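K.L.:
I'd like to ask some things about the structure below.
Residue numbers (our numbering), protein chains in the order written: chain A, 461 to 790; chain B, 211 to 577.
Written out as structure tokens, the structure is:
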């Protein structure tokens, strides 16, 4: 009974971590006033190049670094088009998703039989192995569920907290938020808008890339011709940003909630059979309901937030989101 | 020396066209570099792609039929999206609206297909799709105008909700589930009754489905609607400035609701056309047309005649990549997406250079 619960919690963490990376990355992007719909494509690019480089060098740090850099370069493309060339953000983002996923399939199909075998890259595999945190991992249930994971799980939480500190406690973070709220005012105060946006969008995109890499590693690094590793997680991340109300610390809780639904989808049977009286009904819920729930909940949050903010303005959404800034239009 | 971006006062049409041609050429070159990296001869590949496998094909009629099956939904969806985009309303819910239309068309087909004559069934299917998808548009538009809810995100969420709805019907074996075949162990969508399948005109072994002329008629109607009617004019005023529209005494709420209803409804209609043309539905019935439509509408700068041309070209690209992947094992139909993205980027860049120019600051007045 406890084992089922432990495994359930353990799986929630495993499956929601890529979402945490992607969500934190997108929050960083959106705080600078840009809505990047290219998360899915950015993750796909970071995933495949990070994985391939990681296998080649047989090292997890190399994999993480390369996934960050390649995804950040994708972010740079977004910046060139939306900031320098003033192109529409929605269209640019969608194009990045289209082309990013296409590049993923192009590289994977192109390599064909030359695709590296993940389990032969022993140091990469051991780098991604679970690490039990001494002391904490001995706690029953919680220890296994939260404190015996691979290093990228802990790193994701650290990244989320660091970004939160960055926005709340540093002057650079404050200026970035100002750009997202009112670019004209920030510009008039002498903030170098273009530099700020480029750097933060690239950094945010890079973080998404690490999330993509995680997904690839977690799936054993096999390339399937039909399914992309990212498999819609990029879109869920965009939903999560709203659910987390543009706060990376809320995102930690938010990803756990989304991961909860996601895990229930595959884990509802064991739960239902272990607790037949209280959770027996779970076995009757169709899997598609669990898949759709994150989106339905986000839709609800979106609507409730906008209705409420009519009266109180409780939403943390950057005011200037999605609108390009052209100084002479001011 | 510092560079500065300034807005052009006007651009000659010749220069504009030249910019776009250069952009497309660059995309083909970049695509060619990708192909060469896989040891594929780009010229041979592009030839196979652009001729959509017609060369040496015993049944060229089938290829053209396949091409048109991609073209019709893409054309209608792109047109419908451009209605919304003209108003700067970001309906990226094409996928969800398309699925909704196809689902409701399928309900009519299964429930009434056996009892009513063919023509009536098809009309009812289209009507059901039109209204059901349009409702999604109404709700999003209402939220946008009344509460300023971000329409991009709302339509995005609805896409996924509808995707899982159709998956639910497609993957659940049950007595009540009339969508599925009863004679199959595995869940498989059933074929529509004969009356609910779109017919066409036969030319030898090529069959021109009625959806093709219907789509062209829709394009003409949308063109005149936008150019020649009061409602079309109102769309462009609201798109330029909501305040101008308000001061001119226009009812922005009504205009938005009406336009977004039409936008979503036409996408639903495209879903019904696709379902009726193939005589069944599937969980990937949209073929990503909701996303591709956004790209087509934007590539065409929301001009109706250009949308016609671009959606045909993108269909050739998609069908051609499918056809070509038969002879190249290292590459699959996703290469079409890659090319599409490259086109999009080069057109976005061309659009920039036809509106802005880069000058060195410190110079005297630029010529």
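Glycine residues also receive a C-beta, built at the ideal position from the N, C-alpha and C atoms. Since the structure is predicted, the reported quantities are computational estimates derived from the model, not experimental observations.
Is there a Cβ from chain A that is less than 7 Å from the Cβ of residue 221 (chain B)?
P.N.:
Closer than 7 Å: no.
K.L.:
Where does residue 637 (chain A) fall in DSSP's three states?
P.N.:
Correct three-state label for residue 637 (chain A): helix.
K.L.:
What is the DSSP secondary structure of residue 608 (chain A), counted as helix, strand or coil?
P.N.:
It is a strand residue.
K.L.:
Spell out a yes or no on whether the stretch 476 to 492 of chain B and the stretch 260 to 269 of chain B are touching, meaning 3 or more CB-CB pairs, one atom from each, closer than 8 Å.
P.N.:
Flag = no, the stretch 476 to 492 of chain B and the stretch 260 to 269 of chain B do not touch.
K.L.:
Quick one: Cα of residue 690 (chain A) to Cα of residue 563 (chain A), how far?
P.N.:
Their backbone Cα atoms lie some 13 Å apart in a straight line.
K.L.:
Quick one, are the C-beta atoms of residue 569 (chain B) and residue 216 (chain B) less than 7 Å apart?
P.N.:
Going by C-beta atoms, residue 569 (chain B) is nearer than 7 Å to residue 216 (chain B).
K.L.:
Considering Cα atoms alone, identify which of A:622, A:749, A:646 is closest to residue 722 (chain A).
P.N.:
The candidate whose alpha carbon is nearest that of residue 722 (chain A) is A:749.
K.L.:
Short check: CB of residue 526 (chain A) to CB of residue 510 (chain A), under 7 Å?
P.N.:
Contact flag set, yes.
K.L.:
Report the rounded CA-to-CA distance for residue 378 (chain B) versus residue 739 (chain A), giving the unit in angstroms.
P.N.:
So the alpha carbons of these two residues sit roughly 22 Å apart.
K.L.:
Give, in chain order, every unbroken run of the alpha helix (DSSP H) that is at least 4 residues long and sits entirely within the stretch 657 to 733 of chain A.
P.N.:
DSSP runs (the alpha helix (DSSP H)) wholly in the stretch 657 to 733 of chain A: 693 to 703.
K.L.:
Per the contact definition of three or more C-beta pairs closer than 8 Å, is the stretch 524 to 538 of chain A in contact with the stretch 566 to 578 of chain A?
P.N.:
Touching, no, given that fewer than three Cβ pairs across the two stretches are closer than 8 Å.
K.L.:
So with Cβ pairs under 7 Å, would you call residue 493 (chain B) a contact of chain A?
P.N.:
No, because no Cβ of chain A sits closer than 7 Å to the Cβ of residue 493 (chain B).
K.L.:
If contacts are defined as beta-carbon pairs under 8 Å, then residue 237 (chain B) and residue 556 (chain B) qualify, I think. What distance do you get, rounded to the angstrom?
P.N.:
The Cβ separation is near 5 Å, so the contact holds.
K.L.:
Using a 10 Å radius around the Cβ and a threshold of 16 neighbouring Cβ atoms, would you call residue 393 (chain B) buried or exposed?
P.N.:
Classification for residue 393 (chain B): exposed.
K.L.:
Report the CB separation of residue 552 (chain B) from residue 240 (chain B) in whole angstroms; it is logged as a contact under 8 Å.
P.N.:
Confirmed, about 5 Å.
K.L.:
Mind listing which residues of the stretch 730 to 756 of chain A have their C-beta closer than 7 Å to chain B's C-betas, in chain order?
P.N.:
Within the stretch 730 to 756 of chain A, the residues whose Cβ lies closer than 7 Å to some Cβ of chain B are 746, 748, 751, 752, 755, 756, listed in chain order.
K.L.:
Return the chain-ordered ranges of every alpha helix (DSSP H) run that is complete within the stretch 317 to 366 of chain B and spans a minimum of 4 residues.
P.N.:
With a minimum length of 4 residues, the continuous alpha helix (DSSP H) runs that stay inside the stretch 317 to 366 of chain B are 328 to 357.
K.L.:
Quick check on the burial criterion: 16 or more other C-beta atoms within 10 angstroms. Buried or exposed for residue 599 (chain A)?
P.N.:
So residue 599 (chain A) ends up on the exposed side.
K.L.:
Closer than 7 Å, CB to CB, is residue 766 (chain A) near chain B or not?
P.N.:
It does; some Cβ of chain B falls within 7 Å.
K.L.:
Shortest alpha-carbon distance to residue 283 (chain B) belongs to which of B:423, B:367, B:231?
P.N.:
It is B:423.
K.L.:
For residue 476 (chain A), would you say it is in contact with chain B, using Cβ-to-Cβ distances shorter than 7 Å as the test?
P.N.:
With 7 Å as the cut-off, residue 476 (chain A) does not count as an interface residue toward chain B.
K.L.:
List the residues of chain B whose Cβ lies closer than 9 Å to the Cβ of residue 570 (chain A), in chain order.
P.N.:
Ordered by position in chain B, the residues that pass the 9 Å Cβ test against residue 570 (chain A) are 244, 247, 248, 540, 541.
K.L.:
Between which two residues does the alpha helix (DSSP H) harbouring residue 510 (chain A) extend?
P.N.:
Segment 499 to 517, the alpha helix (DSSP H) holding residue 510 (chain A).
K.L.:
Do we get a CB-CB distance below 7 Å when we pair residue 377 (chain B) with the residues of chain A?
P.N.:
By this cut-off, residue 377 (chain B) is an interface position.
K.L.:
Using a Cβ cut-off of 7 Å (strictly closer), state whether residue 547 (chain B) contacts chain A.
P.N.:
Yes, because at least one Cβ of chain A sits closer than 7 Å to the Cβ of residue 547 (chain B).
K.L.:
Determine the extent of the beta strand (DSSP E) in which residue 447 (chain B) is found, giving its start and end residues.
P.N.:
Element bounds for residue 447 (chain B): not the beta strand (DSSP E) but the alpha helix (DSSP H), 440 to 450.
K.L.:
In whole angstroms, give me the CA-to-CA distance for residue 340 (chain B) and residue 547 (chain A).
P.N.:
Approximately 32 Å between the Cα atoms of the pair.
K.L.:
Any beta carbon of chain A sitting closer than 7 Å to that of residue 325 (chain B)?
P.N.:
Chain A contact via Cβ: absent.
K.L.:
In chain order, what residues of the same chain lie with their CB nearer than 7 Å to the CB of residue 653 (chain A), ignoring the 5 residues before and after it?
P.N.:
Here the set comprises 639, 643, 646, 647, 785.
K.L.:
Give the DSSP bridge partners of residue 570 (chain B), in chain order.
P.N.:
B:213, per the DSSP bridge assignment.
K.L.:
If we cut at 7 Å on Cβ distances, does residue 720 (chain A) have a partner in chain B?
P.N.:
Answer no: the Cβ-Cβ gap between residue 720 (chain A) and chain B never drops below 7 Å.
K.L.:
Return the residue from the list B:407, B:433, B:400, B:321 that minimises the CA-CA distance to residue 328 (chain B).
P.N.:
Residue B:407 is the option with its Cα nearest to residue 328 (chain B).
K.L.:
Tell me which residues share the same chain as residue 398 (chain B) and place their Cβ nearer than 6 Å to its Cβ, disregarding the 5 neighbours each side in the sequence.
P.N.:
Cβ within range, chain order: 391.
K.L.:
Mapping the DSSP letters down to three states, classify residue 401 (chain B) as helix, strand or coil.
P.N.:
In this structure, residue 401 (chain B) counts as coil in the three-state DSSP scheme.
K.L.:
What does the Cβ neighbour count give for residue 559 (chain B), buried or exposed, with the cut at 16 atoms within 10 Å?
P.N.:
The residue is buried, with at least 16 neighbouring Cβ atoms inside 10 Å.
K.L.:
Please tell me whether residue 700 (chain A) and residue 479 (chain A) are closer than 7 Å, where the distance is taken between their beta carbons.
P.N.:
Yes. Within cutoff.
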